[in-house]
Every structure is written in structure tokens, then in C-alpha cells.
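In our numbering, the protein residues as written are 75 to 409. Don't be surprised by glycine CBs; every beta carbon is placed ideally from N, CA and C.
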Ligand code: C5P
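Here is the structure:
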């Protein structure tokens, strides 16, 4: 196969919106032999985003530029890894500069780094005027991290396996949301390790189990989700329902297991969740392993009022909205 090259001198630059996600419930299952945990979660795209600019010119090498000192600029950056794999898979040559305009928190549980990596890969393909077969693109995403594939689907997405097996769920109407971003960063591998300690303590303790075993928890969330899904596919369209389907989903009893390990270590996050509930959130939760918290609100106006009150109490809070799959894909290149 002939290598794809950039033969003119002007670099081609593509700008991509790199949207965040929240987790509507997250069940941590068993520790697998490969060191990962079984997961069951619903990912939901939201409108908060970083901006990624991918430039391809003559030459070779991959360069990352970002004003935020916490973002790695070397091969450990997930954008570097997807672009390196993308170039190889497309048999393409060129010098690639990836500029990351960071607006999302680093280590925030909003999937910022994973979303950036997918945006960089999509930007690369567009800059080169080449498209990877969908399955190959998905494979690159899953190789680089469990949280990347969801950004190739967007909207409301069921995540299983280690979180990398993703299935599009029916598009929900956009809902109002408030995201609180405390200053702390939470390490996801560390949070998983702490979860394992809780589970093994519960297993060896003589006392009655306070933490249901992973398989019971998965079944519990699975039942809630399947009840919600079967209702959604029963012929009654979401739009005709009295209740916002997002709120119906969270009322299916979903929880984020990471709260049990992250809240005791960072009491301000427990306070942040209570603050969201006090200002009117219909449902509030930690996203991923945190530290971002989100609240779902009945209306945009209620979300805006909540942000004013939260900021008055010293919280870094932003009003945003959930994104349908259609809107996610329409806005991704529309910068
Ligand atoms: O897939 P990713 O590279 O984002 O995972 C980072 C780390 O988080 C893994 O090395 C593992 O320690 C932990 N992890 C896990 N179970 C998952 C996903 C991640 O234990 N389902």
C-alpha cells in the first residue's frame, strides 16, 4: 500500500470539540485475571468540552502542546498514543502537532484525557482525508484505554467489560445538568485498589456483610437498567412520557460504587454532593472515580439558579446539558 503523505507546504489543521462524559451509575464487578475490573455503567455525553487542534504538515514526529502543566507532553499522553497508532494503521506520514486547549479538569472523572485522545484520532483522519474502518478505530481506542470507546459512540452509552465494550442506548432528550469541579484530582487505579480492599475486608469479616459482593451488585444494577431499557423499548416514546427519562433512569436505583472509596478520603466531595442536592438536584453523584460531581436538574433555569447559589458557597460550578448522540456528532467538528 502507498503511504499517505502531506505533499504541500501548508499544514492542514482540524479543530475538534472533545466533549466530557458523566457516569449515570457505575458498578464495579470482579477483579479479572488481566488486572482490570468488570464494569457496568451508563455513560452520558455532556456539552462541557476541551478543544483539540490537529495539524499535519510535511516531516515526521508527534508533538503535543498544552498550556496546562499537568498534561503530559510525551508518549504517555493518550493523544500521542492514538495518533501514533492511527498513523501506522493508515500507513500515513507527516508531522503531527496536537494542541490541547484544556477546559475540563485533569483527573476529574469526566473522561477528559480519553475524550482528547479520540478527538485527536478523529482530527488526524480528517486532516489526512482518510478514514479508518470503524472496527479498527474502535480497536485503537480500546487498546489505549477503557474509557476511550464511549467517545466513538456519544450520547447515552451502555459500558460493560472493563468499560470498553460500548453499546448505544436510545437517544434521550437533552437534560439540564450542573457539574461541580473540586480542586482535587483522584487517581482511578488507586480508587480501584481501594475498592478491592473494601471487598476483601467485607469477605473476610465475621460481621454481616455491609457491602454486597460484586456479582450481586452487578445483578442489581443490571435489573434496574434492563427494567428501564425494556420500558424505553416498549413502544412508549421518551418524548411522550411525563417524566424526564434521564431521571427515570437514575431512579432505577443506580449508584456509583466509587463514592464508597472516594468520599471517605475526600470529605469535601461528600459535601459537594449534599450541596448539589440542597440547591435542587433531582439526582446527584460522583462521576467516574471523581473528583467531579454532577447534578441533574428539572430545567435549565433551575440549573442556572443552582450554579449561582453554589458559586456563592465557594464551589466551582458550571451549568451544562446532556448531549444526544445526534448533537454530539453534529457539534464535534463544528468549531
Ligand atoms: O483502561 P485504563 O488505562 O484507563 O485503566 C487504567 C487503570 O485503571 C488500569 O490499569 C486498572 O488499574 C484500572 N482499571 C480497572 N478496571 C477497569 C478499568 C480500569 O481496574 N475496568
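Contacts around residue i, its chain only, beta-carbon distance under 6 Å, and the 5 residues preceding and following it disregarded
| i | result |
| --- | --- |
| residue 137 | 171 |
| residue 205 | 199 |
| residue 151 | 138 |
| residue 241 | 232 |
| residue 393 | 252, 377, 378, 381 |
| residue 147 | 138 |
| residue 173 | 127, 139 |
| residue 203 | none |
Straight-line Cα distance separating residue j from residue i
| i | j | result |
| --- | --- | --- |
| residue 168 | residue 158 | 11 Å |
| residue 372 | residue 246 | 14 Å |
| residue 255 | residue 117 | 18 Å |
| residue 76 | residue 165 | Its pLDDT being 46, under 50, residue 76 is placed unreliably in this model, and the coordinates cannot settle the point. |
| residue 189 | residue 225 | 6 Å |
| residue 213 | residue 86 | 26 Å |
| residue 273 | residue 263 | 15 Å |
| residue 109 | residue 386 | 43 Å |
| residue 33 | residue 232 | The shown model of the chain, from 75 to 409, leaves out residue 33, and the question about it has no answer. |
| residue 409 | residue 90 | 7 Å |
| residue 163 | residue 268 | 37 Å |
| residue 354 | residue 297 | 28 Å |
| residue 237 | residue 384 | 32 Å |
| residue 131 | residue 88 | 12 Å |
| residue 192 | residue 405 | 15 Å |
| residue 388 | residue 300 | 39 Å |
| residue 143 | residue 125 | 16 Å |
| residue 209 | residue 222 | 14 Å |
| residue 179 | residue 375 | 24 Å |
| residue 342 | residue 390 | 12 Å |
| residue 107 | residue 243 | 29 Å |
| residue 153 | residue 323 | 33 Å |
| residue 249 | residue 234 | 24 Å |
| residue 218 | residue 239 | 13 Å |
| residue 155 | residue 293 | 35 Å |
| residue 339 | residue 365 | 11 Å |
| residue 134 | residue 211 | 22 Å |
| residue 407 | residue 278 | 52 Å |
| residue 396 | residue 370 | 9 Å |
| residue 220 | residue 319 | 27 Å |
| residue 352 | residue 97 | 21 Å |
| residue 398 | residue 149 | 33 Å |
Integer-rounded CB distance, given that residue j should sit under 8 Å from residue i
| i | j | result |
| --- | --- | --- |
| residue 128 | residue 201 | 5 Å |
| residue 357 | residue 321 | 6 Å |
| residue 252 | residue 350 | 7 Å |
| residue 160 | residue 195 | 5 Å |
| residue 337 | residue 111 | No, residue 337 and residue 111 are not in contact; Cβ-Cβ is about 19 Å, not under 8 Å. |
Residue i beta carbon near the ligand ATP (any heavy atom closer than 8 Å)
| i | result |
| --- | --- |
| residue 156 | Looking at this structure, you won't find the ligand ATP anywhere; what it does contain is the ligand C5P. |
Close Cβ partners of residue i (< 8 Å) along its chain, the five nearest in sequence each way excluded
| i | result |
| --- | --- |
| residue 402 | 93, 119, 228, 229 |
| residue 176 | 124, 140, 141, 142, 145, 186 |
| residue 122 | 93, 94, 177, 178, 184, 253, 392, 394 |
| residue 207 | none |
| residue 327 | 294, 295, 298 |
Cβ neighbours of residue i in the same chain (closer than 7 Å, five flanking residues each side left out)
| i | result |
| --- | --- |
| residue 283 | At residue 283 the pLDDT is 48, less than 50, meaning the model places this residue with poor confidence and gives no usable figure here. |
| residue 105 | 111, 270 |
| residue 335 | 265, 268, 269, 272 |
| residue 400 | 245 |
| residue 197 | 88, 90, 126, 128 |
| residue 84 | none |
Uninterrupted beta strand (DSSP E) stretches inside the stretch 109-153 (no shorter than 3 residues): Here the runs fully enclosed are 111-131, 136-140.
Stretch-stretch touch, CB-based, cutoff 8 Å, three pairs: the stretch 329-338 with the stretch 92-108: yes
Validate contact between the stretch 252-272 and the stretch 335-355 using beta carbons, cut 8 Å, 3 pairs: yes
Segment contact, 8 Å Cβ cut-off, at least three pairs: the stretch 360-372 with the stretch 175-187: yes
Sequence ranges, beta strand (DSSP E) only - wholly within the stretch 341-393, length at least 3: 357-360, 367-371
Length-filtered (4 minimum) alpha helix (DSSP H) runs lying within the stretch 207-255: 208-218
Unbroken stretches of the alpha helix (DSSP H), 4 residues or longer, contained in the stretch 161-216: 186-202
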